[in-house]
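Residues 123 to 456 in the numbering used here are what the sequence shown spells out, letter by letter.
Glycine residues also receive a C-beta, built at the ideal position from the N, C-alpha and C atoms.
Shown next, in structure tokens, is the structure this report addresses.
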Amino acid sequence: MTTDAVELQRISTSASLGLTAYRSWAQQARRERRFNIARLFDALSAAKMARAEAAFRQLGETGTTARNVERALSGLEPEALATGPVTGTSLLARELLGRARLALAQSRDLRASEIGDLYVCTSCGNLQEGKLNCVCPICGTVPEAHKPFRAIEAMGVLGPHAITHFLEHSEDALRKLAHHMDEGLLEQRIQADEPSFKELVGHLVDMDAVFRERAWLLLETNHPDLPPAHPPKLDAAVVYRTRPIEQTLDRFHASRKQTLSLLRGLTSAAWHRKGFHELYGEIDLIHQGNWVINHERAHLIELAQMRHDLLAAIPHDPADELDASVMDEIVEGE
Numbered sequence: 123m124t125t126d127a128v129e130l131q132r133i134s135t136s137a138s139l140g141l142t143a144y145r146s147w148a149q150q151a152r153r154e155r156r157f158n159i160a161r162l163f164d165a166l167s168a169a170k171m172a173r174a175e176a177a178f179r180q181l182g183e184t185g186t187t188a189r190n191v192e193r194a195l196s197g198l199e200p201e202a203l204a205t206g207p208v209t210g211t212s213l214l215a216r217e218l219l220g221r222a223r224l225a226l227a228q229s230r231d232l233r234a235s236e237i238g239d240l241y242v243c244t245s246c247g248n249l250q251e252g253k254l255n256c257v258c259p260i261c262g263t264v265p266e267a268h269k270p271f272r273a274i275e276a277m278g279v280l281g282p283h284a285i286t287h288f289l290e291h292s293e294d295a296l297r298k299l300a301h302h303m304d305e306g307l308l309e310q311r312i313q314a315d316e317p318s319f320k321e322l323v324g325h326l327v328d329m330d331a332v333f334r335e336r337a338w339l340l341l342e343t344n345h346p347d348l349p350p351a352h353p354p355k356l357d358a359a360v361v362y363r364t365r366p367i368e369q370t371l372d373r374f375h376a377s378r379k380q381t382l383s384l385l386r387g388l389t390s391a392a393w394h395r396k397g398f399h400e401l402y403g404e405i406d407l408i409h410q411g412n413w414v415i416n417h418e419r420a421h422l423i424e425l426a427q428m429r430h431d432l433l434a435a436i437p438h439d440p441a442d443e444l445d446a447s448v449m450d451e452i453v454e455g456e
């Protein structure tokens, strides 16, 4: 192997490990509701991906699709070389991660004033912060070929119809998830430090009210500052643990009915009314709709897993298992 090939192999190994680390850390940041830090990790992962792919191609490892299929079937065995640090390897990455460390030291996420929109060159992996005005300074790739990681899109890019459609179907999914589960199972905590099924459903009731309040502010006031306080955390949902599940589901029904009444029939202009959020900067109702769906979908998946684990621990009728239609409602909102 030539010196150039050795260096390319080292880059490929280093970048591949780095992107895995950043991607895993992004998922953890989302679980901890540090969404701007998750966006930073996502951008850093994409930068590593671009570098790894560029090195992989230069090594001649990418051929025609027919050849690639044959190589995949035969089992690709690249030579992994020893490498140095695989994360925090650029000045900008270290600066951004330093800002994240300061924010976390204060038990919070990065604020909008502390991290701008991020862009990754898809050719070489160069990372830039702020408005993109010119070609990549490293390789000359045009701005249009950069992958954006914008705060306004970080929660998702569903439009008004898809947002409303998902919110309309959440209650059905919740009721099917709770079906054939007795009250004792629903208030059982699988782990002592984790919420019960009932607490998670109650948390979704509380979060729907928060979303509706924000939606009302965006629709009825001119460029409002949305409340900077964090939404209610799971700890606050402990009050739901001893309540009958039907009572909590009825509360969800009543809350969601109000929310949908507020959203149905809105014009495109209404969905794009602007407000300011301390963490996300200038946002609109579409951003907040994606925010609540992002949150709700994650907990619906958690509830599905919880149902499976609780039923698996006791004798039960196989007919009580979730069918594909319930999973469609959870994942797609359909």
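Where does the unbroken alpha helix (DSSP H) through residue i begin, and where does it stop?
i: Ala159; result: Checking the sequence shown, residue 159 turns out to be Ile, not Ala. Element bounds for Ile159: Phe157 to Gln180.
i: Lys320; result: Phe319 to Glu342
i: Gly306; result: Glu305 to Leu308
i: Ser390; result: Ser390 to Trp393
In terms of residue numbering, what span does the beta strand (DSSP E) encompassing residue i cover?
i: Ile436; result: Taken as a continuous stretch (DSSP letters only), Ile436 belongs to no beta strand (DSSP E), as it is neither H nor E.
i: Glu459; result: The structure shown does not extend to residue 459, since the chain spans only 123 to 456, so no value can be given for it.
Does residue i come out as helix, strand or coil in the three-state DSSP assignment?
i: Asp471; result: Any answer about residue 471 is impossible in this case: the structure gives the chain only from 123 up to 456.
i: Gly185; result: coil
i: Glu456; result: Residue placement at Glu456 cannot be trusted, given a pLDDT of 46 that sits under 50; what the coordinates show is reported in the next sentence. Coil at Glu456, not helix or strand.
i: Ala225; result: helix
i: His399; result: strand
i: Asp315; result: coil
Starting from the Cα of residue i, find the closest Cα among the options and give me that residue.
i: Gln64; options: Leu254, Asp431, Ala151 and Val128; result: Residue numbering for the chain in the displayed model covers 123 to 456; residue 64 lies beyond these limits and cannot be assessed.
i: Glu400; options: Ser235, Ala435 and Ser212; result: Ser235
i: Lys379; options: Glu293, Lys355 and Arg193; result: Glu293
i: Asn344; options: Met329, Gly397 and Leu356; result: Gly397
i: Leu198; options: Ala204, Arg189 and Gly206; result: Arg189
i: Glu183; options: Arg230, Ile274, Ala391 and Ser134; result: Ser134
i: Ala285; options: Leu384, His302, Pro354 and Val361; result: The sequence shown places Ile at residue 285, rather than the Ala named in the question. Ranking the options by Cα distance to Ile285, first place goes to Leu384.
i: Ala174; options: Gln313, His301, Ala160 and Val208; result: Val208
i: Val360; options: Pro259, Tyr402 and Lys320; result: Lys320
i: Trp338; options: Ile408, Thr205, Val191 and Asp315; result: Ile408
i: Leu307; options: Gln149, Leu371 and Arg429; result: Arg429
i: Met329; options: Asp164, Leu341 and Asp357; result: Asp357
i: Gly206; options: Thr186, Ala137, Leu162 and Pro353; result: Ala137
i: Lys355; options: Glu316, Leu341 and His375; result: Glu316
i: Ile274; options: Arg395, Gln427, Asp126 and Ala426; result: Arg395
i: Pro437; options: Leu213, Leu218, Met303 and Thr187; result: Met303
i: Ala177; options: Ala202, Thr389 and Glu404; result: Ala202
i: Trp393; options: Asp431, Leu341, Thr381 and Ala434; result: Leu341
i: Asp239; options: Leu162, Glu305 and Glu192; result: Leu162
Would a check of beta-carbon distances place residue i closer than 8 Å to chain D?
i: Leu162; result: Among the protein chains of the structure shown there is no chain D, as only one such chain exists.
Problem - Continuous beta strand (DSSP E) assignments of at least 3 residues falling wholly in the segment 230 to 302 - result: At a cut-off of 3 residues, the continuous stretches assigned as beta strand (DSSP E) that sit fully inside the segment 230 to 302 are 240 to 243, 249 to 251 and 268 to 271.
Practice task
Inspect the CB distances between the segment 358 to 368 and the segment 323 to 334 and report whether three or more fall short of 8 Å.
Solution key: Judged by Cβ distances under 8 Å, the segment 358 to 368 makes contact with the segment 323 to 334, as three or more pairs qualify.
Problem - At least 3 beta-carbon pairs within less than 8 Å: the segment 409 to 420 vs the segment 241 to 256 - result: no
Problem - contact_flag[the segment 297 to 309, the segment 328 to 347] where n(CB pairs < 8 Å) is 3 or more - result: no
Practice task
Determine contact between the segment 410 to 417 and the segment 267 to 286, defined as no fewer than three beta-carbon pairs at a distance below 8 Å.
Solution key: Contact check between the segment 410 to 417 and the segment 267 to 286: three or more CB pairs, one atom from each, fall below 8 Å, which counts as touching.
Exercise for the section: Inspect the CB distances between the segment 134 to 149 and the segment 164 to 173 and report whether three or more fall short of 8 Å. Expected result: yes
Practice task
Examine the Cβ distances between the segment 236 to 247 and the segment 258 to 274 and report whether three or more of them are shorter than 8 Å.
Solution key: yes
Handout entry: the segment 149 to 169 / the segment 217 to 231 touching (three or more Cβ pairs under 8 Å)
Key = yes
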